[in-house]
Amino acid sequence: MIESALFYIFLVLTLIFGLFVALFRSPLYSLLSLLGVISCLSVLFYFYGATFISFVQLIVYAGGILVLFLFVIMLLKLEPEEKSGEHPAFKVLAPILFFAFTSAGIGILFVQRTEIPKERFIMPISDFSFKLFTDYGLPFEAITLLLLASAVGAFILAKRKI
Amino acid sequence: MTFLSALIIVLLKIGIIIGTVLTSVALMTWVERRGSALIQDRLGPNRVGPFGLLQPVADGLKFLFKEEIIPLEADKFIYLLSPLLVFVPALAIFAVIPFGTTIKIFGYEIEPLISDLNFGILYVIALSGLSVYGIVLAGFSSGSKYPLIGALRSSAQLISYEIPMSLSILSVLIAADTFSLKGIVSSQSGTSFSVLPNWFIFSQFIGFFVFLITMFAETNRIPFDLPEAEAELVSGYHTEYGSMKFALFFLGEYAHMISASCLITILFLGGWNIPYINLTGNLGAILGIISFSVKVGFFLWLFVWVRWTLPRFRYDQLMALGWKFLLPLGLLNFIITIIIKWGII
Amino acid sequence: MILEGLILSIFLFGLGFITFLLRRNLILMFLGIELILNSANLAFVVFSAKNQNWEGALFVLFSIGIAAAEAAVGLAIFISAYRSFKTSYIDFFKILRF
């Protein structure tokens, strides 16, 4: 009972932080709200049984990617947005699109009823890593190449003089 | 046991552990000042209580009564949030640290650790990654140039030294075969060849060396003290902070130091294991907690000793040390561990 | 629990989508993209919990890796664009227009 109460609290908290990402004017506050979203999502992953993935999300996303964003915002001293830059059509169009899309998605969910398991199945780490290196070896090596290429590419793109 | 009794026991454990940590932090300030006095051949604080032991109390009262100043250029919400972001991860690491074996009191079996997470080590690495945020936001939200430069240097240092730290932790995990901290301590019990204790400091001394140096860097202590370098940066990222906010930074740094010493003993020195003695029952548990405290105390004294002995690194020397020296050493240790544990691949 | 997770995933996707549309600052558009990626990760984890098959969560690992690579390159592009245009508002990035 406590567990499902905590689950719903973090669900609502994720939604609130997501709203803050969309609505805050200053880039720094939006970034901190995104940090809140990612931490709450990490807790939600733990509730679904994917324990390893929840920690990986905290270490990589919150500890690596968002720090990169924070450095860029900090060093370039980006100003909070002013309201006059937007095209007026977008202010009306975007909430309409949001509600249309979300209600369509939720409608599909309620139409398709499928079997929901009762027990929470905790991910065993040894099976996971075994599959990662044998069945999914090719995507794994491809990701390492991709990260190397992006590191070199980011370095060259951000230099002042090549 | 019922839910209510389990809840009360956990809350009691949290209270005891946080109380002990905060008292140790206050005691560490006293140790630092008397220890530095000993090394520099002078007396330290000796007026406020017997041997100056009430000096931390006097310091705490001073911090409470000072005026709270917020600079005009500062971003107020983040300026007030940053000391918390530094202090809370340093305390939160104590949720997974095992202090000893099980104690039996009044029919309850109590383990002196708050939670035995299956992935305790990943929790520790995640919290070390999250502790960058408090420092960067503190420097950025202060609205002046010295904190900004100090925050940049400190975050670059913290992020660079996370990688050799993770590599040395990884070698320990391969040797211990488990992610939970209690399992790592248990796998270091007993002796091999009936002479040498099974501690990982003997079987992975390169990893121990790398981890010790990265722990100095992660806690921003001398010789990796450049973010707070007094002569150059007017106290770095906590320049614009006074009274209770500065006290929170201070407490956070010492709490981080204590948790780093606890991690070094758990990962490399066998936690609560005493060599050649098999610890059982209540007496064994108490002896285990005492031996854990002695080892942690040794590393805390080492932190103080190194601070007042060595000069500080320059920034490029610091970066070169992290990337060009510790990272290859960590990889070397990793490869040697794999070869010894699983045969030549 | 499964249903609530999927509804949250759809809402986060929608929020990321309108962040991407409504913002004029390039960095904030990147934040919207990251939010969309996270909603997809949540959907992966929810479905792998439903089918009790952990290969879905394995894909989240690759998705996080791709997000890291894309964030690095995107921020590098942003920095060089900021240097050329001296601003980060996309209203001013219109040299290639006819």
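Residue numbers (the numbering used here), protein chains in the order written: chain Z, 1 to 162; chain X, 1 to 345; chain V, 1 to 98. Even glycine gets a Cβ: it sits at the ideal position worked out from N, Cα and C.
In the DSSP assignment, X/Ile110 falls outside any alpha helix (DSSP H) and lies within the beta strand (DSSP E) extending over 108 to 110. Contact check for X/Gly190 against X/Gly330 fails: the beta carbons are separated by 9 Å or more.
For Z/Met123, the nearest beta carbon of chain V is closer than 9 Å to its own beta carbon.
The closest CA to that of X/Ser160, considering only X/Lys324, X/Leu332, X/Leu267, X/Ile344, is found on X/Lys324. DSSP, read as helix, strand or coil, puts Z/Leu44 in helix.
For V/Ile64, the residues of chain Z that pass the 7 Å Cβ criterion are Val56, Gln57, Val60, Tyr61, in the order they occur in the chain. If you look at Z/Ile125, you'll find it in the alpha helix (DSSP H) that goes 125 to 133.
Cβ-Cβ separation between V/Leu58 and Z/Tyr136: approximately 6 Å, consistent with a contact (criterion under 8 Å).
Taken in chain order, the whole alpha helix (DSSP H) runs of length 4 or more contained in the segment 281 to 333 of chain X are 281 to 307, 315 to 320. For chain Z, the residues of the segment 118 to 145 of chain X that bring a beta carbon within less than 7 Å of one of its beta carbons are Asn118, Phe119, Leu122, Tyr123, Ile125, Ala126, Gly129, Leu130, Val132, Val136, Phe140, in chain order. When rounded, the separation of the alpha-carbon atoms in Z/Gly105 and Z/Lys77 is 38 Å. About 5 Å separates the CB atoms of X/Leu269 and X/Lys295; that is less than 8 Å, so the two are in contact. Chain-order list of chain Z residues neighbouring X/Ile169: empty, with the shortest C-beta distance near 12 Å, by a criterion of under 9 Å. With 16 or more neighbouring CB atoms inside 10 Å of its own CB, X/Glu218 falls in the buried class.
Counted as a single uninterrupted DSSP element, the alpha helix (DSSP H) harbouring X/Ile266 occupies residues 243 to 268. In the same chain as V/Asn38, and ignoring 5 residues on each side of it, the C-beta atoms closer than 7 Å to its own belong to Leu12, in chain order. With distances taken between CA atoms, Z/Ala94 lies nearest to V/Leu15 out of V/Ser9, V/Leu15, V/Ser80, V/Met1. Checking the DSSP bridge columns, you'll see V/Asn25 partnered with V/Tyr89. Across the structure, X/Ile336 and X/Ile169 are spaced so that their CA atoms are roughly 14 Å apart. The beta carbon of V/Ser84 does not come within 9 Å of any beta carbon belonging to chain Z, so the residue lies off that interface. Classified as buried, X/Asp225 has 16 or more neighbouring CB atoms from the shown chains inside 10 Å of its CB. When beta bridges are read from the DSSP output, X/Ile103 appears opposite X/Ile110.
For X/Trp30, the enclosing alpha helix (DSSP H) has its first and last residue at 3 to 39. Note: X/Ser192 is bridge-paired with X/Leu196 in the DSSP secondary-structure output. For Z/Leu6, the closest Cβ of chain V is not nearer than 9 Å. Residues of chain X with a Cβ closer than 8 Å to the Cβ of Z/Phe52 are, in chain order, Phe119, Leu122.
Burial check for X/Pro98: the Cβ neighbour count within 10 Å reaches 16 or more, so the residue is buried. With contacts defined as CB atoms closer than 9 Å, X/Phe87 and X/Gly297 fail to qualify as a contacting pair.
Leaving aside the five residues that flank X/Asn46 on each side, the residues in its chain whose CB is nearer than 6 Å to its CB run, in chain order, Gly52. Taking CB atoms only, X/Glu162 has a neighbour in chain Z less than 9 Å away.
The beta carbon of X/Gly183 is closer than 7 Å to those of Ala176 in its chain, skipping five residues each way along the sequence. By the Cβ test, the segment 277 to 292 of chain X is not in contact with the segment 195 to 204 of chain X, since fewer than three Cβ pairs between them sit closer than 8 Å. Relative to X/Val136, the option among Z/Phe71, Z/Ile143, Z/Val152 whose CA is nearest is Z/Phe71. Distance from the CA of X/Ile69 to the CA of X/Ser243, rounded to the nearest whole angstrom, comes to 8 Å. Going by beta carbons, X/Leu327 and X/Leu167 fall inside the 9 Å limit. Out of X/Phe211, X/Ile14, X/Thr265, the CA that lies nearest to the CA of X/Ile110 is found in X/Ile14.
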